[in-house]
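Heads up, the thing below is written out as structure tokens.
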Amino acid sequence: MIRTRSGRAVLLFVGLLGWTAMHLPAGAQRAPAPGPSPEQALDSKDQGLPRRVAIRFLTDSDFPPFNYFDEDNVLTGFNVDVARAVCLELAAACDIQVRPWAELLPALRRGEADAVIASHAVSGSALRAVDFTDRYYHTPARFAGKRNAGRLEITPEGLEGKKIAVTKGTAHEAYLRTFFRDSSIRAFETPELARDALITGAAELLFDDGLSLVFWLNGTASKACCEFKGGPFAEPKYFGDGVGIAVNREDGQLRTLINTALRRLRESGRMEELLLRYFPLRAF
Numbered sequence: 434m435i436r437t438r439s440g441r442a443v444l445l446f447v448g449l450l451g452w453t454a455m456h457l458p459a460g461a462q463r464a465p466a467p468g469p470s471p472e473q474a475l476d477s478k479d480q481g482l483p484r485r486v487a488i489r490f491l492t493d494s495d496f497p498p499f500n501y502f503d504e505d506n507v508l509t510g511f512n513v514d515v516a517r518a519v520c521l522e523l524a525a526a527c528d529i530q531v532r533p534w535a536e537l538l539p540a541l542r543r544g545e546a547d548a549v550i551a552s553h554a555v556s557g558s559a560l561r562a563v564d565f566t567d568r569y570y571h572t573p574a575r576f577a578g579k580r581n582a583g584r585l586e587i588t589p590e591g592l593e594g595k596k597i598a599v600t601k602g603t604a605h606e607a608y609l610r611t612f613f614r615d616s617s618i619r620a621f622e623t624p625e626l627a628r629d630a631l632i633t634g635a636a637e638l639l640f641d642d643g644l645s646l647v648f649w650l651n652g653t654a655s656k657a658c659c660e661f662k663g664g665p666f667a668e669p670k671y672f673g674d675g676v677g678i679a680v681n682r683e684d685g686q687l688r689t690l691i692n693t694a695l696r697r698l699r700e701s702g703r704m705e706e707l708l709l710r711y712f713p714l715r716a717f
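My numbering numbers the first residue of the sequence shown as 434 and each following residue consecutively.
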């Protein structure tokens, strides 16, 4: 999920508190072991890159499982672990501080931090103020349907005439009305009503944000009714251009360093490990 301050994000936050407590392994997000030496941190093709002794990250603390304080008041979450992994790859000390959401990018622009990792969408408005690294996750749309439903071809032709629930006024509704015109699109005022329509049979499928669906499918509200159907839909025009780490526009050096670390995390499989730790039912 891309970070917003909408009511929808707040509702998701409330639901995730319980999920996080049940699903994250004890001690899994404690401080990492000492990282590699500067000579070990970057492979031979990266040896010419400049070094950073420390990287100062900012995040906020009320968006589990991305960034939040656990029951022991330890800052943890997917974003926090990615930041620590980046520092390990670069053999840099990692300083992660918490600020309220609205203060994150302004603080970065004032030079009070080197980078912000808090699930900011890479958008035109944000790019006018800061720069972003390569995307480290995306938030695609997904279809969900009943577990006992027959096999469906998740294409415009395969879903012709099928009743699809969606939240009214969202990019997901716009996408359906553009590409699934021959389906019976049922738009509801809230995500909860759209999900209830799938549970009760008023709709045969639900189309929504993939990360939101992960927690709904894994939670008690879904009553274990449903599962993902088909693969992800990630058209940037409708579902955004992914999530990156914000850096100052003048700090191209740090952007290059973090991109190098992110690439190495993907190549080594470490990024996949972090994704599976926090999102065992993959939305991507």
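Where a beta carbon is used, it is the ideal one built from N, C-alpha and C, also for glycine.
Asked	Found
I'd like to know whether the C-beta atoms of residue 680 and residue 564 end up nearer to each other than 7 Å.	yes
Could you pull out every residue in the same chain whose Cβ sits closer than 6 Å to the Cβ of residue 704, ignoring the five residues on either side in sequence?	698
Taking residue 552 and residue 496 to be in contact with their CB atoms under 8 Å, please state how far apart those CB atoms are, rounded to whole angstroms.	7 Å
Under a three-way DSSP split, which group does residue 592 fall into?	coil
To the nearest angstrom, report how far apart residue 683 and residue 667 are at their CA atoms.	30 Å
Could you give the first and the last residue of the continuous alpha helix (DSSP H) run that contains residue 613?	No alpha helix (DSSP H) holds residue 613; DSSP gives it neither H nor E.
In chain order, what residues of the same chain lie with their CB nearer than 7 Å to the CB of residue 671, ignoring the 5 residues before and after it?	604, 607 and 608
Is the segment 519-528 close to the segment 574-586, with three or more CB pairs under 8 Å?	no
With DSSP run on the structure shown, which of helix, strand or coil describes residue 523?	coil
Start and end of the beta strand (DSSP E) containing residue 648?	Careful: residue 648 lies outside any beta strand (DSSP E), inside the alpha helix (DSSP H) at 643-651.
Taking C-beta to C-beta, are residue 615 and residue 593 nearer than 7 Å?	yes
Which residue's Cα is closest to the Cα of residue 710: 511, 483, 535 and 663?	511
Specify, as a first and last residue, the run of the alpha helix (DSSP H) that residue 622 falls within.	Looking at the DSSP string, residue 622 is not in any alpha helix (DSSP H), and its letter there is neither H nor E.
Would you call the segment 484-499 and the segment 533-550 in contact, with 3 or more CB pairs under 8 Å?	yes
If residue 600 and residue 621 are in contact, beta carbons under 8 Å, what's the gap, nearest whole angstrom?	6 Å
Going along the chain, which unbroken runs of the alpha helix (DSSP H) with 4 or more residues stay wholly within the segment 520-571?	537-542 and 557-560
Would you kindly work out how many angstroms separate the C-alpha atoms of residue 635 and residue 669, rounded to a whole number?	30 Å
State the DSSP-derived secondary structure class of residue 633, mapped to helix, strand or coil.	helix
Over what stretch of residues does the beta strand (DSSP E) that includes residue 694 continue unbroken?	Where residue 694 is concerned, there is no enclosing beta strand (DSSP E), although the alpha helix (DSSP H) it sits in stretches over 685-701.
DSSP state of residue 711, grouped into three classes?	helix
Just curious, the beta strand (DSSP E) that residue 669 is in, first and last residue?	Segment 669-672 is the alpha helix (DSSP H) holding residue 669; no beta strand (DSSP E) there.
Mind reading off the beta-carbon distance from residue 503 to residue 574? Whole number of angstroms is fine, and I expect it under 8 Å.	With 8 Å as the limit, residue 503 and residue 574 do not qualify as a contact, their Cβ atoms being about 30 Å apart.
Within the continuous beta strand (DSSP E) that includes residue 502, where are the two ends?	500-502
To the nearest whole angstrom, what separates the beta carbons of residue 632 and residue 519, a pair I think is in contact under 8 Å?	In fact, because the Cβ distance is near 40 Å, the residues do not count as touching under 8 Å.
Look at the alpha carbon of residue 658 and the alpha carbon of residue 598, and state the distance between them as a whole number of angstroms.	15 Å
For the beta strand (DSSP E) containing residue 663, list its first residue and its last residue.	659-666
Just the Cα atoms here: how many angstroms apart are residue 713 and residue 654?	18 Å
When the Cα atoms are used, what is the spatial distance from residue 494 to residue 590?	44 Å
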